[in-house]
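Protein sequence lines, in the order shown, are assigned to chains Y and E. Counting in the numbering used here, the first sequence runs from 30 upward without gaps. Counting in the numbering used here, the second sequence runs from 466 upward without gaps. Notes to accompany the following structure.
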Amino acid sequence: MDRNQVVVNMYNLKRYLLLYGITLFYIAGGYIFQEFHPFSKFPMYNQLPNWSYVFYYTDTKNNIIPCDAINFSGAALGHLFYNIAESENIKFGGGMESDDELERIGKQMYVETTKQSNYLNKVKTVKLWRKHFSFEGDEINVKDKLIYEKNNE
Amino acid sequence: MKKIMSEVWTNTYSTTEWLAAKISIMYVWLLITIEILFIYDGAPFPQGIFTIETIASIENRITNYLLILASLVFGMMYLYEIKMRLTTIALFIISVFAFSLEESNGILNRYSLLSFIFFAQFLAYQISYYYKNLDHTQLRFTFSIQAIAAGYILSGLSKLLVSGFSWVTNSKYLSLQIIKSHYYNYLTYGNPETLELGEKYALFAQHNSIVIESLLTASIILELFAWISIGNKKRALVYGILLMLMHTGIGILMDIKLVGISRPMFIFMVNPLFIVWVAALRPLSKFFKRTHN
């Protein structure tokens with residue numbers, strides 16, 4: 030390879046680095062550092078399993094407490110469940126969690142949600158529920174399960 | 466229309482386009498960042514930089530208020546194009562701190578791109594500072610688009626590597642995710658209409674598997690081929706519109722907004738504020754000037 034060829038190759042390398050360098054760097058960062066902000070593998074909905082969960086609080090009369098009232102959102106409550114389960118090394122999904130595991134997660138969820146707002150502490154009996162959706166044949170099956178109960182008397 | 470196209474459908478980015486993009490991204494970023502720094506105090510589930518003890522130990526109410534102040538100062542410097550190498554890296558650091566703090570409270574809103582584009586812009590200014598023949602007015606846009614494209618490619622790869630083709634063939638189970646997302650909205654605001662809508666869309670997905678499989682295939686192809694948007698302004702504009710259509714579809718069907726991903730993409734690939742400026746705001750301001758004179 031003569032000197033001119035080397036110069037041309039270096040020029041092309043620089044050109045491609047300017048054109049795709051940031052993309053390659055961010056993709057590599059996603060695989061090396063995984064979910065370490067600002068890196069991520071963006072795994073949103075990368076699986077479509079036969080289950081989904083939502084979580085909600087009810088008051089003494091078993092009425093649903095809107096998350097808005099406790100400075101939270103339905104999605105945030107879901108993320109909180111998964112985050113606590115992961116930090117506690119509890120496997121989750123498809124209703125596989127035991128009653129004991131659910132209670133442990135539920136208790137922590139209550140603690141974290143009451144940090145955002147004192148609303149729940151003023152309710153006499155607060156219940157935290159898990160709603161579990163899954164397909165049974167061609168029908169969507171829905172199961173509600175009480176995972177944590179707190180009496181504030 | 467011809468006048469609008471002559472300014473939007475070009476090969477290079479103008480300073481007005483950059484200003485419009487900056488105003489838009491700063492509006493999105495400041496609102497989210499300040500809210501996070503106001504709400505959270507402490508990191509009960511350490512994620513990212515909060516797994517480093519030194520970082521976790523400096524987080525408190527006072528630090529957060531100082532960061533809010535710093536966000537406003539650097540936000541203004543960003544808009545006025547002052548000391549951009551310092552400004553973009555400072556915005557990146559504040560962003561990483563704030564969003565890691567939110568993640569460390571168990572909330573995952575996928576704001577990675579919002580942080581990383583400031584780092585990409587820092588690199589654009591830094592590189593053009595050392596290599597004077599490189600034009601920072603183009604690099605700051607193209608580097609941002611590169612970062613955004615990488616986010617979409619990663620998302621597509623994640624689906625392909627984790628689920629393979631079953632991500633498309635398991636379309637029936639998308640109904641469960643649709644119901645979940647609409648339930649999230651219902652549980653947040655207590656509006657039963659969102660629930661009815663969710664059930665309607667879930668039934669549609671369940672009984673129209675060919676339509677859903679086609680949409681899923683189109684979306685994964687769009688994600689995996691996001692590199693097409695790199696290095697050509699016109700391609701980025703067209704690709705940005707296609708991605709926005711995808712996000713609109715996801716928004717309607719699943720009630721998911723993905724603000725941290727869709728907003729930076731729309732701002733840097735399509736730049737809606739610039740289009741509105743050229744098409745409506747500038748003619749309006751000229752009209753008012755003329756009538757006043």
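Idealized CB from N, CA, C, for every residue including glycine. Note that the structure is predicted; figures quoted are calculated from it, not measured.
Where Trp742 of chain E falls: helix, strand or coil (DSSP): For this step, residue 742 of chain E is matched to residue 277 along the second sequence. Note: Trp742 of chain E maps to helix in three-state DSSP.
For chain Y, find out if any of its Cβ atoms is closer than 9 Å to the Cβ of Ala612 of chain E; answer yes or no. For the purposes of this step, residue 612 of chain E is taken as residue 147 along the second sequence, with counting starting at 1. For Ala612 of chain E, the answer is yes, since a Cβ of chain Y falls inside 9 Å of its Cβ.
Cβ-Cβ distance between Met73 of chain Y and Arg755 of chain E below 9 Å: The count along the first sequence starts at 1 and reaches residue 73 of chain Y at position 44. The count along the second sequence starts at 1 and reaches residue 755 of chain E at position 290. Contact: no.
Is the stretch 53-70 of chain Y touching the stretch 580-596 of chain E in the sense that three or more CB pairs, one from each, lie closer than 8 Å? yes
When you compare only the Cα positions, how much space is there between Tyr492 of chain E and Val155 of chain Y? Within the second sequence, the letter at position 27 stands for residue 492 of chain E. Within the first sequence, the letter at position 126 stands for residue 155 of chain Y. Tyr492 of chain E and Val155 of chain Y: Cα-Cα distance of roughly 38 Å.
Kindly indicate if chain Y contains any beta-carbon less than 9 Å away from that of Pro748 of chain E. Position 283 of the second sequence, counting from 1, holds the residue named residue 748 of chain E. Judged by the 9 Å Cβ criterion, Pro748 of chain E is not in contact with chain Y.
Rounded C-alpha distance that separates Lys136 of chain Y from Ser163 of chain Y: By 1-based counting over the first sequence, the position of residue 136 of chain Y is 107. By 1-based counting over the first sequence, the position of residue 163 of chain Y is 134. Roughly 25 Å separates the two Cα atoms.
Please identify, using Cβ separations under 7 Å, the residues of the stretch 34-56 of chain Y that lie next to chain E, in order along the chain. Leu48, Tyr49, Ile51, Thr52, Tyr55, Ile56
When DSSP labels each residue in this structure, what does Glu168 of chain Y get in the three-state scheme? Counting from 1 along the first sequence, the entry for residue 168 of chain Y is found at position 139. Looking at Glu168 of chain Y - three-state DSSP - the assignment turns out to be strand.
Amino acids of chain E, ordered along the chain, whose beta-carbon sits closer than 7 Å to that of Ile61 of chain Y: By 1-based counting over the first sequence, the position of residue 61 of chain Y is 32. Under the 7 Å cutoff, chain E gives no residues; its nearest Cβ is about 12 Å from Ile61 of chain Y.
Tyr666 of chain E touches chain Y at which residues, Cβ-Cβ below 7 Å? As a first step, residue 666 of chain E must be located in the second sequence, where it is residue number 201. Residues of chain Y passing the Cβ test: none, with the nearest at roughly 13 Å.
Which residues of chain Y have a Cβ atom closer than 7 Å to the Cβ of Val724 of chain E, listed in chain order? Numbered from its first residue, the second sequence carries residue 724 of chain E at position 259. Chain Y residues near Val724 of chain E: none, gap ~12 Å exceeds 7 Å.
Quick one, which of E:Trp494, E:Glu567, E:Gly663, E:Arg605 has its alpha-carbon nearest Ser716 of chain E's? Within the second sequence, residue 716 of chain E is the residue found at index 251, counting from 1. Before going further, note that residue 716 of chain E is Gly rather than Ser in the sequence given. Measuring from the Cα of Gly716 of chain E, the nearest candidate turns out to be E:Gly663.
Given a cut-off of 9 Å on the beta-carbon distance, is the pair Tyr85 of chain Y and Leu175 of chain Y in contact? Counting from 1 along the first sequence, the entry for residue 85 of chain Y is found at position 56. Counting from 1 along the first sequence, the entry for residue 175 of chain Y is found at position 146. Cβ distance not < 9 Å, so Tyr85 of chain Y and Leu175 of chain Y don't count as in contact.
Got a sec, what are the start and stop residues for the beta strand (DSSP E) Tyr86 of chain Y sits in? For the purposes of this step, residue 86 of chain Y is identified with residue 57 of the first sequence, where counting begins at 1. Looking at the DSSP string, the run of the beta strand (DSSP E) that includes Tyr86 of chain Y is 81-87.
Using beta-carbon positions only, say whether Ile559 of chain E and Leu599 of chain E come within less than 9 Å of one another. Taking the second sequence and counting its residues from 1, one reaches residue 559 of chain E at position 94. Taking the second sequence and counting its residues from 1, one reaches residue 599 of chain E at position 134. No, Cβ-Cβ distance for Ile559 of chain E and Leu599 of chain E is not below 9 Å.
Backbone secondary structure at Trp483 of chain E - three-state DSSP: As a first step, residue 483 of chain E is located in the second sequence; it is residue number 18 there, counting from the start. Helix.
Note down, in chain order, each residue of its chain lying with its Cβ closer than 7 Å to the Cβ of Lys179 of chain Y, except the 5 sequence neighbours on either side. Here residue 179 of chain Y refers to the residue found at position 150 of the first sequence. So the list reads Tyr139, Val155, once near-sequence residues are dropped.
Distance, Cα to Cα, Leu681 of chain E vs Gln671 of chain E? Position 216 of the second sequence, counting from 1, holds the residue named residue 681 of chain E. Position 206 of the second sequence, counting from 1, holds the residue named residue 671 of chain E. Near 14 Å, if we compare the C-alpha coordinates of Gln671 of chain E and Leu681 of chain E.
Range covered by the alpha helix (DSSP H) that runs through Val140 of chain Y: Translated into positions along the first sequence, residue 140 of chain Y becomes position 111. That run of the alpha helix (DSSP H) goes 128-145.
Burial state of Tyr594 of chain E (16 or more Cβ within 10 Å): What you label residue 594 of chain E is simply residue 129 of the second sequence in a count that begins at 1. With fewer than 16 other Cβ atoms within 10 Å, it is exposed.
Considering just the uninterrupted stretch of the alpha helix (DSSP H) at Phe557 of chain E, what are its terminal residues? As a position in the second sequence, residue 557 of chain E is number 92, starting the count at 1. First-last of the alpha helix (DSSP H) with Phe557 of chain E: 549-568.
Could you check the C-alpha separation between Ser565 of chain E and Leu573 of chain E for me, to the nearest Å? Stepping through the second sequence from its first residue, residue 565 of chain E is reached at position 100. Stepping through the second sequence from its first residue, residue 573 of chain E is reached at position 108. Roughly 9 Å separates the two Cα atoms.
Could you spell out where the alpha helix (DSSP H) holding Asn697 of chain E opens and where it closes? Indexing the second sequence from 1 puts residue 697 of chain E at position 232. Unbroken run through Asn697 of chain E: none, as it is neither H nor E.
Three-state secondary structure (DSSP) of Tyr177 of chain Y: By 1-based counting over the first sequence, the position of residue 177 of chain Y is 148. Three-state result, Tyr177 of chain Y: strand.
Which chain Y residues are close to Arg575 of chain E, counting only those with a beta carbon under 8 Å from its beta carbon? In the second sequence, the residue the question calls residue 575 of chain E occupies position 110. Within 8 Å Cβ-Cβ: Ser69, Phe71, Met73.
CB of Leu556 of chain E within 9 Å of CB of Ser536 of chain E, strictly: For the purposes of this step, residue 556 of chain E is taken as the residue at position 91 of the second sequence. For the purposes of this step, residue 536 of chain E is taken as the residue at position 71 of the second sequence. Contact: yes.
Go to His601 of chain E, then tell me how far its alpha helix (DSSP H) extends in each direction, as first and last residue. Taking the second sequence and counting its residues from 1, one reaches residue 601 of chain E at position 136. Counting along the chain, the alpha helix (DSSP H) containing His601 of chain E begins and ends at 601-628.
Please name the residue or residues paired with His647 of chain E in a DSSP beta bridge. Locating residue 647 of chain E in the second sequence gives position 182, counting from the first residue. Note: His647 of chain E sits in no beta bridge, so no partner.
Assuming Gln671 of chain E is part of the alpha helix (DSSP H), what are its boundary residues? In the second sequence, the residue the question calls residue 671 of chain E occupies position 206. That run of the alpha helix (DSSP H) goes 657-672.
Status (buried if at least 16 other CB within 10 Å, exposed otherwise) for Gly714 of chain E: Walking along the second sequence from the start, residue 714 of chain E turns up at place 249. Looking at its Cβ environment, which holds fewer than 16 other Cβ atoms inside 10 Å, Gly714 of chain E is exposed.
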